[in-house]
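> Residue numbers (the numbering used here): 1348 to 1714.
Ideal Cβ positions, reconstructed from N, Cα and C, are used throughout, including at glycine.
Pasting in a structure now, in structure tokens, and then I'll have a few things to ask.
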């Protein structure tokens, strides 16, 4: 029962084996047609010439990719007037000629392309075990047959720009189904009237307040009710208010000054940001550095009468007088990107032997 549902008799194929290869199932089947018609001359033939194999992809099943391995017979064409000498058996209910995917798989991939597009659809079909490229999804969408055109009951009419400010056409929309019905080359009363006469049955027409569409709707569908849609009504209101206010600049300036006087004063945003930045810089400058802590530790040891050489991690090759100078006072510093920078004026006061021997390196400090 399940095989008959998944593999109906209309396919004219019989399954003889199923193999698993990783996350893919390979279904092996062969054609059971004993006769077929030539695709060129339509003459039937029963003489088998040979067999060939096709490997199209099919819909996934149970989380597995499905690959078909079909053994298809080839027949002789006995019509001497036909240029085709042999032809392969075809399976229109399952597979199109030269196709690499079954009809049902192509339909599912096409729906994904319509829903989410090419790039996103390409990622989605990978997870759905229907892998293909984004370009293939776009191609399947373009190959879709155009839906049959039906005359809408409620028709929306507006212009659309082929080249904004230069060339315009007319767009017709079914407002009940929210679908574009047609695009007209011109933005004129004649083109709209002609279309309405060719598609009778429109009951309501929504449009702007222009004279072209009014005339076209009146002559093309005189029995239809014409309505000015909300978008164009609001647009007309905005344009009217704008023209009215532009004629009263002095009143607008006076009203703006009154609002500015009544508004509570607050510091500009730039001043607030600058003050916050200065506070952060001050906090960085006030934070004790490793050198400051080392300096205080040396002073404490001197007061106790102890030696600091063995208790502080100073460099072994640092001159004694250099250590004394460095520990006598902390060097001024500036914070640039979190890095400690010494003032050149202070470094210039150090003894030459200290500069020649290098500054003592303390653990945890960065220079």
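To which residues does DSSP link residue 1526 through a beta bridge?
Answer is 1521.
> Sort 1511, 1570, 1389 by Cα distance to residue 1427 and report the nearest one.
Nearest C-alpha to residue 1427: 1389.
> Write down the C-beta distance between residue 1571 and residue 1550 rounded to the nearest angstrom, noting that I regard them as a contact closer than 8 Å.
That belief holds up - the Cβ atoms of residue 1571 and residue 1550 are roughly 6 Å apart, short of 8 Å.
> Just to confirm my understanding: we take residue 1451, look at its own chain, exclude 5 residues before and 5 after, and list those with CB closer than 7 Å. What are they?
Closer than 7 Å at the Cβ level, and outside the excluded window around residue 1451, lie 1406.
> Tell me whether residue 1436 is buried or exposed, calling it buried when 16 or more other Cβ atoms sit within 10 Å of its Cβ.
Flag for residue 1436 reads buried.
> What does a CB cutoff of less than 6 Å around residue 1553 pick up in its chain, not counting 5 residues either side in sequence?
Correct list, in chain order: 1503, 1574, 1576.
> Pull the bridge partners of residue 1504 from the DSSP assignment, please.
Bridge partners of residue 1504: 1519.
> Pick helix, strand or coil for residue 1407, following the three-state DSSP scheme.
Looking at residue 1407 - three-state DSSP - the assignment turns out to be strand.
> Under the three-state reduction of DSSP, which class applies to residue 1446: helix, strand or coil?
Note: residue 1446 maps to coil in three-state DSSP.
> Would you verify that the beta carbon of residue 1543 is, or is not, closer than 8 Å to some beta carbon of chain B?
Among the chains in the structure shown there is no chain B, since it carries only a single protein chain.
> Leaving out five residues on either side along the sequence, give the residues of the same chain with a beta carbon under 6 Å from the beta carbon of residue 1527.
The answer, listed in chain order, is 1520.
> For residue 1395, which of 1419, 1523, 1644, 1540 has the nearest alpha-carbon?
Considering only alpha carbons, the answer is 1419.
> What do you get for residue 1408, buried or exposed, if any count of 16 or more other CB atoms within 10 angstroms of its CB means buried?
Per the 10 Å Cβ criterion, exposed.
> Report yes if the CB atom of residue 1508 is closer than 8 Å to the CB atom of residue 1539, and no otherwise.
No, these two residues do not count as a Cβ contact at 8 Å.
> Among residues of its own chain, excluding the 5 on either side of residue 1500, which ones have a beta-carbon nearer than 6 Å to its beta-carbon?
Hits under 6 Å: 1550.
> Judging by CA-CA distance, which residue of 1497, 1476, 1471, 1458 is the nearest neighbour of residue 1486?
Among 1497, 1476, 1471, 1458, the Cα nearest to that of residue 1486 is on 1458.
> Do residue 1403 and residue 1433 have their beta-carbon atoms positioned less than 8 Å apart in this structure?
Not a contact, by the Cβ cut-off of 8 Å.
> Distance check for residue 1440 and residue 1380, CA to CA, integer angstroms please.
Rounded to the nearest angstrom, the two C-alpha atoms are 14 Å apart.
> Alpha carbon to alpha carbon, how far is residue 1464 from residue 1470?
Their backbone Cα atoms lie some 10 Å apart in a straight line.
> Which residue comes first and which comes last in the beta strand (DSSP E) that contains residue 1591?
Here residue 1591 belongs to no beta strand (DSSP E); instead the alpha helix (DSSP H) covers 1577 to 1593.
> First and last residue of the alpha helix (DSSP H) that includes residue 1308?
Given a span of 1348 to 1714 for the chain in the structure shown, any question on residue 1308 remains unanswerable.
> Can you grab the Cα-Cα spacing for the pair residue 1665 / residue 1650, in whole Å?
In this prediction, residue 1665 scores a pLDDT of 48, lower than 50, which makes its location untrustworthy; the coordinate-derived value is nonetheless stated afterwards. For residue 1665 and residue 1650, the distance between alpha carbons rounds to 23 Å.
> Is residue 1585 buried or exposed, if buried means 16 or more other CB atoms sit within 10 Å of its CB?
Residue 1585 comes out exposed.
> Name the DSSP beta bridge partners of residue 1420, please?
DSSP output for residue 1420 lists 1398 as bridge partner(s).
> Please tell me whether residue 1558 and residue 1533 are closer than 8 Å, where the distance is taken between their beta carbons.
Result no, Cβ atoms of residue 1558 and residue 1533 do not sit closer than 8 Å.
> Check for me: the alpha helix (DSSP H) holding residue 1351 runs from which residue to which?
From DSSP, the alpha helix (DSSP H) with residue 1351 extends over 1349 to 1353.
> Closer than 8 Å by C-beta to residue 1491: which residues in its own chain qualify, once you throw out the five before and the five after it? Chain order, please.
Around residue 1491: 1457, 1461.
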